[in-house]
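Colleague:
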Amino acid sequence: MVQKTQVDNIIELRNVYKTYDDKTVVKNASLTIKRGEFVTLLGPSGCGKTTTLRMIAGFEMPTSGKIIFDGKDITDTPPHLRPVNTVFQKYALFPHLNVFNNIAFGLKLKVIPNGTKTNRKGETVQLYRKYTKDEIKERVNNVLKMVDLEDYGHRNVSSLSGGQQQRVAIARALVNEPEVLLLDEPLGALDLKMRKDMQLELMDMHKRLGITFIYVTHDQEEALTMSDKIVIMRLGEIQQIAAPEKIYDEPANAFVADFIGESTILSGTMIEDCKVEFCDTVFECVDKGFKPNEPIDVIIRPEDLKIMDKDDKKALLQAEVLSSVFKGDHYQITLLAAGNELVAHDTDTYEIGETVGLYIKPFDLHIMHKTRIINEIDTVITGENLVEICGADFECVTDLPVDTPVKALIDFDDVEITDDENDGTISATVISTIYKGSYYQAILSADDHYNFFADTDYEWLKGDRVGIKIAPEKIIIQPRDESEQQEINEVVDETLTPEEREAIEENRLEEPEKFDAEHAEIVNEHEEAEE
Amino acid sequence: MTKRTHKKLRLTKKVFSFPYILFLLLFVVIPLVLILVNAFLDSENNLTLDNFKMFFGAPSSLIVLGNSLLVGVITTALCLIIGYPVAYILSKISSGKIIVLLYVLPMFINFLIRTLATKAIFIAMGVELGMGTVLFGMVYNYLPFMIMPLHTTLSGIDKSYIEAAQDLGADKATVFLKTVLPLSVSGILSGITMVFIPTISTYAISQLLSNGKIFLFGDSIQLSFEQGLYGVGSIMSIVMLIFVLISNFIMNKFNRNSNAVRRSLW
């Protein structure tokens, strides 16, 4: 028999969805967290990272899916019975209690095992008791020492500085010795210097305590510094799960690349294995396994783009210098090559308007599948040459009868964005714009939450209300088979070995036991004495 | 030569307080002084201490005072017992603000008219007027003053405190006892102040709803003045004022001791 790989997962999310009204904020999140790991949920605001954390803490119930803790199903367990503790974004320290009592809050409620006894039926019963006053005092003082607030026990929480409140919040969670500590943007309210110090302190605490940390942040630098594993989310969907280095070096898609660092993202074509075309030039690369002539995104990190003399033999591309900005230890140089803007970092500065040569190592070209190559909407024909898209009727060219289920396909180029939302056939909110060298790719959320991808010449402000227009002849109508199910792709955790992945898959087939914490009943003192 | 010392009246912030100061002088300070002076005068306007003897010497007037305080305490307690759960539930539901308005709305009708209407209803129902009906009238009249500050405080409690308590292992009852209740202390105190102080000084409600059977301190002050006993009436008013000041003082002290979120409640 093949030896089974053991996986020591403390928390597992299985196909978790969370829907408010008709808006899905977390879509099919599957994630495994190993015991002792420092995992960061990273993403822009509104990406569902906080909702995911709140579901683990128990403040929100998933609409569907399962949350497994240490092999037990805790999906329906209320927050006060879960063996996790949270550090809240704004600390949520109780204003009516002093520092000591804030920290002691959890301890006073906790019951701990206190030996066993045999009852009349001959069964062994686990006994529980509460902490004594002295035990509480000792524990609180220990944890205060750990966060360097030894003499602050009697202080009023409102008299503490932001950083000190932060420490009290961490101490209040840690004193309960949780197996998992959840941190919801805990450093968001601190100034930069304080943040950096607290980052190091948190990492140190994680190392010393050996417990699992699940950390939520929108700060990519914080995530890269602190984590063992980063989970990048966007619009409720997990984009990539990998170690920080891997996320930085091999982003899964243009969104991750754009979010993680200031890279240049260009559209290109994969001509064949190890040959990619962009900026009207064919480059050598190391990526394989793409379809011939597949449209792809190329990511180039600014530090990987080498500037040299235009006549240098190694130069692959000629470019014009558009600007050069001093950034302390380097110059940030913006270049124009074949109509595409590229950003490079160099220790030297260059004259604006100068023509230079560019070189990139094949290994430094990161090639990614496009997340989507066309907008595709499942809909029906609503009238003669009319198709419903996001709740409004669009004119189109078709000879299909009314009520035929169809797919409407719209190219990114053909989505026209209007400044005034009333000028468009439908209204939408701008979710993001990514610069792709020569144009912007905007993502627009229509009012029924369908996300349009649009290629435009202008940068649209995030959160702006805009209108969407589509020319009738640009809507491609294809008949659709109603039974056709949309395939949901699951993001693979890149930190796991294939054996571990297999073991997790296998575990998934088994139905986990329900988590049960109700057994913790306190046996009265006199009842024990009776014995 | 006379130097002109004509000062221009400049429009500073201070100027705006003049009408208010004038109002206070005319309608608060001068009446208080009059009451104080009256307390030491007999009907012939001679200085005397007889008024004090008349008030503190008669057990009946002290019994009335005691009764008034008792009714005040019971009314306040009933308002708190009824008002807290109402305010708590209303703070949980989204349309709570509108429903609170419904509780406050009767206050727009003159309280005498409301009390007379209540009396008419009791008589029509054949309920005997007495202590029970008086208490009903009191609670009915002053309940909004309890619900309003409680609702403001309760709906102002940050949800994250409740979540933090749950996170630290508190079940629903413990969350309420250890976070919601202590955090709403300031609301409870201002509710008590808003109800207790007017109830101990009220009159008319007790007279009307008990057909004059129950006689409270407010009623006896009114009676003294009606009978022309200005001295005794003044002393009673002073005693009342002292009680109001004492209860205000106690409430303030409590409020200072509780570290709960202090916000303007009204």
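Going down the list, the protein sequences come from chains A and B.
First residue of the first sequence: 1283, per this note's numbering; consecutive thereafter.
First residue of the second sequence: 257, per this note's numbering; consecutive thereafter.
Backbone N, C-alpha and C fix where the C-beta goes; we use that ideal spot for every residue, glycine too.
These figures come from a predicted structure and were not determined experimentally.
1) Looking at C-alpha atoms only, which residue of B/Gly484, B/Glu384, B/Asn467 and B/Met402 is the closest neighbour of B/Asp298?
2) Residues in its own chain within less than 8 Å of A/Ile1752 by CB, not counting five upstream and five downstream?
3) Within the 7 Å Cβ cut-off, does A/Glu1769 reach chain B?
4) Would you call the CB atoms of A/Ala1451 and A/Leu1463 closer than 7 Å?
5) So, using beta-carbon positions, are B/Asn397 and B/Phe367 closer together than 7 Å?
6) Measure from the alpha carbon of A/His1648 to the alpha carbon of each residue in A/Phe1565, A/Val1679, A/Asn1438 and A/Leu1791, then state which is nearest.
7) Could you spell out the range, first to last residue, of the beta strand (DSSP E) harbouring A/Leu1624?
8) At a CB-CB cut-off below 8 Å, which residues of chain B make contact with A/Thr1368?
9) Please work out which residues of its chain come closer than 8 Å, Cβ to Cβ, to A/Pro1360, disregarding the five sequence neighbours upstream and downstream, and give them in chain order.
10) Interface residues of chain C around B/Ala426 at Cβ under 7 Å?
11) Going by CA-CA distance only, name the one from A/Glu1459, A/Pro1344, A/Pro1577 and A/Thr1664 that's closest to A/Ala1259.
12) For the alpha helix (DSSP H) that B/Gln463 lies in, which residues bound it at each end?
13) Output needed in chain order: residues of the stretch 1598-1615 of chain A with a Cβ under 9 Å from some Cβ in chain B.
14) So what's A/Ala1524 in DSSP terms, helix, strand or just coil?
15) I'd like to confirm the pairing. Which residues does DSSP put opposite A/Arg1821 in its beta bridges?
16) Between the stretch 1368-1384 of chain A and chain B, which residues of the former have CB atoms less than 7 Å from a CB of the latter, in chain order?
17) Using the beta-carbon of each residue, which ones in chain A are nearer than 9 Å to B/Leu439?
18) Taking the alpha-carbon positions, what's the A/Thr1551 to A/Leu1624 distance?
19) Could you check whether the stretch 1313-1331 of chain A touches the stretch 1507-1516 of chain A, counting it as contact only if at least three pairs of C-beta atoms, one from each stretch, sit closer than 8 Å?
20) For B/Ser299, would you say it is in contact with chain A, using Cβ-to-Cβ distances shorter than 7 Å as the test?
21) For a test of the three-state rule: what should DSSP assign to B/Asn294, helix, strand or coil?
22) Our contact map puts A/Val1498 next to A/Leu1474 with C-beta atoms below 8 Å; I'd like the distance itself, whole angstroms only.
23) Between A/Asn1291 and A/Val1607, what straight-line distance do the alpha-carbon atoms span, to the nearest angstrom?
24) Name the chain A residues whose beta carbon is nearer than 9 Å to that of B/Thr430?
25) 7 Å is my cut-off, CB to CB: does A/Pro1794 come that close to chain B?
26) Using a Cβ cut-off of 7 Å (strictly closer), state whether B/Ser416 contacts chain A.
27) For A/Tyr1302, count the other beta carbons within 10 Å of its own beta carbon; 16 or more makes it buried, fewer makes it exposed. Which is it?
28) From which residue to which residue does the alpha helix (DSSP H) around B/Thr354 run?
29) Output, in chain order, the set of chain A residues within a Cβ distance shorter than 7 Å of B/Thr435.
30) When DSSP labels each residue in this structure, what does A/Ile1589 get in the three-state scheme?
31) Quick one: grab the DSSP three-state call for A/Thr1707.
32) Which residues in the same chain have their Cβ closer than 8 Å to the Cβ of B/Thr304, if we skip the five residues on either side of it in sequence?
33) Suppose the cutoff is 6 Å on Cβ atoms and the five residues either side in sequence are ignored; what does the same chain contact list for A/Arg1411 look like?
34) For the stretch 1537-1585 of chain A, list the beta strand (DSSP E) runs that are entirely contained and at least 3 residues long, ordered along the chain.
35) Output the distance between the C-alpha atoms of A/Glu1636 and A/Ala1601, rounded to the nearest integer angstrom.
36) Name, in chain order, the residues that DSSP records as bridge partners for B/Val284.
Modeller: According to the structure shown:
1) B/Gly484
2) Ile1671, Phe1676, Ile1692, Asp1696, Val1697, Glu1698 and Thr1707
3) Low confidence applies here, because A/Glu1769 scores a pLDDT of 49, under 50, leaving its location unreliable; read the following figure in that light. False, the Cβ-Cβ gap to chain B never drops below 7 Å.
4) no
5) yes
6) A/Phe1565
7) Asn1622 to Asp1628
8) Glu419, Ala420 and Asp423
9) Gly1340
10) Judged by its chain identifiers, the structure shown contains no chain C, and its protein chains are A and B.
11) Missing from the structure shown is residue 1259 of chain A; chain A here goes from 1283 to 1813 and no further.
12) Ile461 to Leu465
13) none
14) strand
15) This structure does not reach residue 1821 of chain A, given that chain A is present from 1283 up to 1813, and the question cannot be answered.
16) Thr1368, Phe1370, Lys1372, Ala1374, Phe1376, Pro1377 and His1378
17) Phe1376, Pro1377 and His1378
18) 17 Å
19) yes
20) no
21) helix
22) With a Cβ gap of about 19 Å, A/Val1498 and A/Leu1474 do not count as contacting.
23) 47 Å
24) His1362 and Leu1391
25) no
26) yes
27) exposed
28) It is worth fixing the name first, because residue 354 of chain B is Ile in this sequence and not Thr. Counting along the chain, the alpha helix (DSSP H) containing B/Ile354 begins and ends at Gly352 to Val360.
29) Phe1376
30) strand
31) coil
32) Phe296, Leu297, Asp298 and Gly487
33) Asn1396
34) 1546-1554, 1557-1560, 1563-1566 and 1576-1582
35) 8 Å
36) B/Val284 pairs with nothing; no bridge assigned.
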